[in-house]
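S.K.:
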Amino acid sequence: MSRAVEETNRRMLRARDAMDRAYAQPLDVPALARIAHVSPAHFARTFRATFGETPHRYLQRRRVERAMFLLRETDRSITDICFEVGFGSPGTFSRTFRDIVGSSPREYRKRAVALDVPTCFTMAWMRPSA
Numbered sequence: 001m002s003r004a005v006e007e008t009n010r011r012m013l014r015a016r017d018a019m020d021r022a023y024a025q026p027l028d029v030p031a032l033a034r035i036a037h038v039s040p041a042h043f044a045r046t047f048r049a050t051f052g053e054t055p056h057r058y059l060q061r062r063r064v065e066r067a068m069f070l071l072r073e074t075d076r077s078i079t080d081i082c083f084e085v086g087f088g089s090p091g092t093f094s095r096t097f098r099d100i101v102g103s104s105p106r107e108y109r110k111r112a113v114a115l116d117v118p119t120c121f122t123m124a125w126m127r128p129s130a
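Residue 45 in this note's numbering is what sits at position 45 of the sequence shown, and the numbering runs on without skipping anything.
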């Protein structure tokens, strides 16, 4: 692997790590491109080539993964969870959740049972596909 490819991968990982840390914050491509020290257009193209999905879709999936955990492990309202994980409206949250998981948040909560196994196993078993 060339030095240029390694540097590009490091920049994309830096932006993805920022998305993982601040998933509930409003993040857009220009802000993420600044973190990676590249132009917004180059960032969007390179992120997709590196990780196989757009930055927006990756962020949505991270938010939904966190919402899945909260739906399983807490009794908080779906609306509270929606806003906590960074969605701006319950409708967008529900639609995105259904696209990624295959069921609505309410249906997911009904069928998801908090398992008495380590969280890392639960996350691996219940992780939505890209």
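Built from N, CA and C at the ideal position, the CB exists for glycine as well.
(1) For the alpha helix (DSSP H) holding THR46, just list the boundary residues, first then last.
(2) To the nearest angstrom, how far is the alpha carbon of ILE78 from that of GLU65?
(3) Between THR96 and PHE87, is the Cβ-Cβ spacing less than 9 Å?
(4) Alpha carbon to alpha carbon, how far is ASP80 from THR54?
(5) How about the segment 35 to 43 and the segment 59 to 73: do they share at least three Cβ pairs that are nearer than 8 Å?
(6) Provide the residue span of the alpha helix (DSSP H) that contains VAL87, from first to last.
M.R.: Here's the rundown:
(1) That run of the alpha helix (DSSP H) goes 40 to 51.
(2) Whole-angstrom Cα-Cα distance: 14 Å.
(3) THR96 is a Cβ neighbour of PHE87, given a cutoff of 9 Å.
(4) Whole-angstrom Cα-Cα distance: 26 Å.
(5) These segments do not touch.
(6) What sits at residue 87 in the sequence shown is Phe, not Val. First-last for PHE87: undefined, no H or E at that position.
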